[in-house]
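J.: In UniProt numbering, the protein residues as written are 1 to 493.
Positions of the beta carbon are idealized from the N, C-alpha and C atoms, including for glycine.
Keep in mind it's a predicted model, so treat the numbers as computed, not measured.
To start, I am sharing the structure in question, which I have written as structure tokens.
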Amino acid sequence: MIIYQSFIKILLRNYIIGSLLAVLGVGGVFIFHTLSLSQKDIIILTAILLFSLIIMFTVEYRQFTKDIQPIKAIFSQSQLSYSTIQEGFETANKFPIFAMKRIFGPHLLGLSIPAILLTNILIYTGDLTIPAYYILLAVIGAILVAGMHALIEFFLTTTAVQSVMKEIVKLAEEKYNKKLSLEGRIVISLKRKFQISSIFIGIFPLLLFGLASQIRFQEISNGTLGEYWEWAIVVMVINIVFAIVASYLLYKGIEQPIEQLKDDMRSVQSGSLKKTDEIYSDEFSRLTLGFNQMVDGIKERDQLNINLSESLITTLAAALDAKDSYTAGHTERVAMFSVEIAKRANLDELQISNLRKSALLHDIGKIGIPDKILLKDGKLTDEEFAEIKKHPIYGYEILKQVTPISSIKPYLNGVRHHHERYDGKGYPDQLKGNDIPLFGRIMAVADAFDAMTSDRPYRKGFTQEKAIAILKDGKGTQWDEEFVELFLDYLKV
């Protein structure tokens with residue numbers, strides 16, 4: 001509701017300032033500065049203008065409340081249907097056009113009709129001493145001023161309504177999990193905006209100046225050229241200011257969506273796949289739709305890569321399972337233990353996911369170990385154990401063949417270094433302390449515990465108590481002390 005109230009305040013501020021400047025400012029200058037009026041005529045015309053303003057505000061307010069109702073309904077009702085939200089979104093997209101229509105409709109007519117009637121009556125009764133044909137010229141001038149006012153109102157409303165549209169889109173997603181969009185539909189094209197702006201910025205001020213000049217020439221027919229230029233400079237300044245303001249608003253209306261898309265493109269380049277706001281009703285609606293479709297495409301591609309990566313891991317694990325049935329249960333348990341340690345170490349979700357996959361693949365290099373060694377029932381000889389110790393390197397080299405390498409790179413360190421020791425006496429690279437990659441240090445604890453407590457053809461597994469005692473004895477020498485403690489905390493639970 002705060003956003004809606006802020007929106008209404010901005011609209012009213014823009015409207016009141018615009019109306020007062022157009023009617024009392026521009027209109028007043030052309031009436032009171034262009035015409036040679038008596039003191040009595042000035043008082044009467046001022047009264048007519050103020051009375052007509054009251055009528056104009058009343059009529060236009062009624063139209064405004066009707067136009068705003070679909071948007072207001074969204075922010076004033078506790079139970080919202082999707083159709084209500086959708087109607088409010090459609091209205092918000094059309095609201096700048098509604099603003100122009102109100103200027104040319106109740107705004108112009110609400111001011112002009114009472115003013116024309118009262119002026120005619122007072123000329124007829126002799127209370128006003130201005131020529132009757134001035135009324136026709138005033139009507140033409142009012143249309144020109146209204147056109148200039150409508151253009152400013154259109155651009156200001158276009159900017160003001162964007163915050164409301166964002167909130168409506170957010171509500172639709174939160175309540176109904178649906179994305180509101182014009183789907184590339186154009187409410188008013190850029191071509192039409194440029195055409196209308198060119199007319200109002202380039203032609204209307206000239207027509208208004210020409211109209212006022214015609215009247216002024218008649219008023220100062222016996223005056224001097226200096227008097228004319230004193231008047232003309234004031235009128236030209238008004239027209240120039242209008243042209244500058246209107247062209248600036250036109251420029252900002254085009255620059256803003258371009259800058260937004262540039263920022264969103266930079267976000268995509270940095271890896272943030274966030275959709276942009278679809279809050280435009282011109283050709284930029286198609287650009288934002290296309291951008292969001294691109295983001296969806298990238299997300300689908302990334303998900304496909306993830307699925308392919310998962311499939312690869314599953315396939316490789318299945319190949320190892322087929323060779324050594326012990327490995328299947330072992331890799332799953334090592335993955336589970338590693339994840340539990342990582343959670344307690346406050347690793348983020350992506351790191352935990354990568355760690356789990358690395359753990360599932362940590363023994364993949366055993367595919368390269370001859371069956372007579374890998375599946376041997378008895379105790380291994382020194383030569384056979386030396387061959388077994390090569391499996392981290394075999395696994396590392398196997399996974400490096402996967403392309404693109406970026407899809408498998410997060411898992412490589414865990415596969416290669418899960419048998420390193422904290423004191424530097426491990427294998428294959430004899431890394432020491434924190435030089436051992438994070439995944440290697442975590443998986444070393446998980447792998448060792450499961451290996452100690454698992455039955456093998458040539459020996460029975462240790463009890464959990466004995467394995468825990470060995471882990472405690474090896475803290476700071478064989479394993480990272482922090483991760484041993486975190487794993488022991490998990491076992492207590």
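When DSSP labels each residue in this structure, what does Arg421 get in the three-state scheme?
T.: By 1-based counting over the sequence shown, the position of residue 421 is 421. Coil.
J.: Provide the residue(s) that pair with Lys475 in DSSP beta bridges, ordered along the chain.
T.: Numbered from its first residue, the sequence shown carries residue 475 at position 475. Lys475 pairs with Trp479.
J.: I need the boundaries of the alpha helix (DSSP H) containing Thr158, first residue and last residue.
T.: Taking the sequence shown and counting its residues from 1, the one referred to as residue 158 is at position 158. Looking at the DSSP string, the run of the alpha helix (DSSP H) that includes Thr158 is Tyr133 to Tyr176.
J.: Report the rounded CA-to-CA distance for Lys179 versus Leu109, giving the unit in angstroms.
T.: Indexing the sequence shown from 1 puts residue 179 at position 179. Indexing the sequence shown from 1 puts residue 109 at position 109. Roughly 40 Å between the two C-alpha positions.
J.: Output the boundary residues of the alpha helix (DSSP H) element that contains Leu122.
T.: Position 122 of the sequence shown, counted from the first residue, corresponds to residue 122. Where Leu122 is concerned, the enclosing alpha helix (DSSP H) stretches over Leu108 to Thr125.
J.: Leu49 and Leu144 - do their beta-carbons sit closer together than 7 Å?
T.: As a first step, residue 144 is located in the sequence shown; it is residue number 144 there, counting from the start. As a first step, residue 49 is located in the sequence shown; it is residue number 49 there, counting from the start. No, the Cβ-Cβ distance between Leu144 and Leu49 is not below 7 Å.
J.: Tell me, please, which residues DSSP counts as bridged to Arg456.
T.: Working through the sequence shown from its first residue, we reach residue 456 at position 456. For Arg456, which the question treats as bridged, DSSP gives the partners Arg459.
J.: CB His419 to CB Gly426, shorter than 7 Å?
T.: By one-based count along the sequence shown, residue 419 stands at place 419. By one-based count along the sequence shown, residue 426 stands at place 426. Closer than 7 Å, so yes.
J.: Should Phe385 go down as buried or exposed, given a rule of 16 or more other Cβ atoms within 10 Å for buried?
T.: Within the sequence shown, residue 385 is the residue found at index 385, counting from 1. Exposed, by the Cβ-count rule.
J.: Between the beta-carbon of Ile42 and the beta-carbon of Leu128, is there less than 7 Å?
T.: Here residue 42 is taken as the residue at index 42 of the sequence shown, counted from 1. Here residue 128 is taken as the residue at index 128 of the sequence shown, counted from 1. With contacts defined by Cβ atoms closer than 7 Å, Ile42 and Leu128 do not form a contacting pair.
J.: Is Phe155 near Leu289, with beta carbons less than 7 Å apart?
T.: Sequence index remark: in the sequence shown, residue 155 carries index 155 (1-based). Sequence index remark: in the sequence shown, residue 289 carries index 289 (1-based). The answer is no: Cβ separation not under 7 Å.
J.: Less than 8 Å between the CB atoms is what I'm expecting for Ile364 and Ile398, so what's the real figure, rounded?
T.: Position 364 of the sequence shown holds residue 364. Position 398 of the sequence shown holds residue 398. About 6 Å; that satisfies the 8 Å criterion.
J.: Hey, out of Ser81, Ile135 and Ile116, whose CA is closest to Lys175's CA?
T.: Position 175 of the sequence shown, counted from the first residue, corresponds to residue 175. Out of Ser81, Ile135 and Ile116, Ser81 has the C-alpha closest to the C-alpha of Lys175.
J.: Please determine, among Phe89, Ile103, Arg62 and Ala92, the residue with the shortest C-alpha to C-alpha distance to Asn14.
T.: Counting from 1 along the sequence shown, the entry for residue 14 is found at position 14. Out of Phe89, Ile103, Arg62 and Ala92, Ile103 has the C-alpha closest to the C-alpha of Asn14.
J.: Would you report the Cα separation of Ser407 and Leu488, rounded to the nearest angstrom?
T.: For the purposes of this step, residue 407 is taken as residue 407 along the sequence shown, with counting starting at 1. For the purposes of this step, residue 488 is taken as residue 488 along the sequence shown, with counting starting at 1. Rounded to whole angstroms, Ser407 to Leu488 spans 32 Å at the Cα level.
J.: Check Pro392 in the structure and name its three-state DSSP category.
T.: For the purposes of this step, residue 392 is taken as residue 392 along the sequence shown, with counting starting at 1. Here Pro392 sits in helix by DSSP.
J.: Could you tell me the distance, in whole angstroms, from the CA atom of Leu190 to the CA atom of Phe204?
T.: As a first step, residue 190 is located in the sequence shown; it is residue number 190 there, counting from the start. As a first step, residue 204 is located in the sequence shown; it is residue number 204 there, counting from the start. If you take the alpha carbons of Leu190 and Phe204, they lie about 20 Å apart.
J.: Given this structure, state the Cα-to-Cα distance separating Ala322 from Thr315, to the nearest angstrom.
T.: If you number the sequence shown from 1, residue 322 lands on position 322. If you number the sequence shown from 1, residue 315 lands on position 315. Straight-line Cα distance between these residues: approximately 11 Å.
J.: Tell me where the alpha helix (DSSP H) around Pro96 begins and ends.
T.: Counted from its first residue, the sequence shown places residue 96 at position 96. Where Pro96 is concerned, the enclosing alpha helix (DSSP H) stretches over Tyr82 to Arg102.
J.: Our contact map puts Ile369 next to Glu387 with C-beta atoms below 8 Å; I'd like the distance itself, whole angstroms only.
T.: Here residue 369 corresponds to residue number 369 of the sequence shown, with the count starting at 1. Here residue 387 corresponds to residue number 387 of the sequence shown, with the count starting at 1. Confirmed, Cβ separation roughly 6 Å.
J.: Would you decide whether Tyr280 is buried or exposed? Buried here means 16 or more other CB atoms lie within 10 Å of its CB.
T.: Within the sequence shown, residue 280 is the residue found at index 280, counting from 1. The residue in question, Tyr280, is buried, as its Cβ has 16 or more Cβ neighbours within 10 Å.
J.: If you draw a straight line from the C-alpha of His391 to the C-alpha of Arg416, how long is it?
T.: Translated into positions along the sequence shown, residue 391 becomes position 391. Translated into positions along the sequence shown, residue 416 becomes position 416. Each residue's CA atom was taken as its position, placing His391 and Arg416 some 8 Å apart.
J.: Is there contact between the segment 90-101 and the segment 154-169, where contact requires at least three CB pairs shorter than 8 Å?
T.: yes
J.: Give the C-beta separation of Ala246 and Ser197 to the nearest angstrom, bearing in mind that I take them to be a contact with Cβ-Cβ under 8 Å.
T.: In the sequence shown, counting from the first residue as 1, residue 246 sits at position 246. In the sequence shown, counting from the first residue as 1, residue 197 sits at position 197. 7 Å between Cβ atoms; contact.
J.: Gln351 and Ala342 look like a contact to me (Cβ under 8 Å); what is the Cβ gap, rounded to whole Å?
T.: One-based indexing of the sequence shown puts residue 351 at position 351. One-based indexing of the sequence shown puts residue 342 at position 342. Confirmed, Cβ separation roughly 7 Å.
J.: Under a three-way DSSP split, which group does Pro410 fall into?
T.: As a working mapping, residue 410 is identified with position 410 in the sequence shown. The DSSP-derived three-state label of Pro410 is helix.
J.: Give the range of the alpha helix (DSSP H) segment to which Asn354 is assigned.
T.: The residue given as residue 354 occupies position 354 in the sequence shown. Glu349 to Leu360 is the extent of the alpha helix (DSSP H) around Asn354.
J.: Whose C-alpha, out of Ala243, Thr158, Asp67 and Gln86, is nearest the C-alpha of Gly147?
T.: As a position in the sequence shown, residue 147 is number 147, starting the count at 1. Checked all of Ala243, Thr158, Asp67 and Gln86; the closest Cα to Gly147 is Ala243.
J.: Spatial neighbours of Ala446 within its chain, please: CB distance less than 6 Å, with the 5 preceding and 5 following residues excluded, ordered by chain position.
T.: Stepping through the sequence shown from its first residue, residue 446 is reached at position 446. Closer than 6 Å at the Cβ level, and outside the excluded window around Ala446, lie Val334, Phe337 and Ser338.
J.: From which residue to which residue does the alpha helix (DSSP H) around Asp282 run?
T.: Within the sequence shown, the letter at position 282 stands for residue 282. Premise fails: Asp282 is in no alpha helix (DSSP H) and is neither H nor E.
J.: Please tell me whether Lys166 and Asp277 are closer than 7 Å, where the distance is taken between their beta carbons.
T.: Locating residue 166 in the sequence shown gives position 166, where the first residue counts as 1. Locating residue 277 in the sequence shown gives position 277, where the first residue counts as 1. Yes; because the gap between Cβ atoms is below 7 Å, this pair is in contact.
J.: Going by CA-CA distance only, name the one from Gly414, Ile85 and Arg441 that's closest to Glu485.
T.: In the sequence shown, counting from the first residue as 1, residue 485 sits at position 485. The shortest C-alpha separation from Glu485 is found at Arg441.
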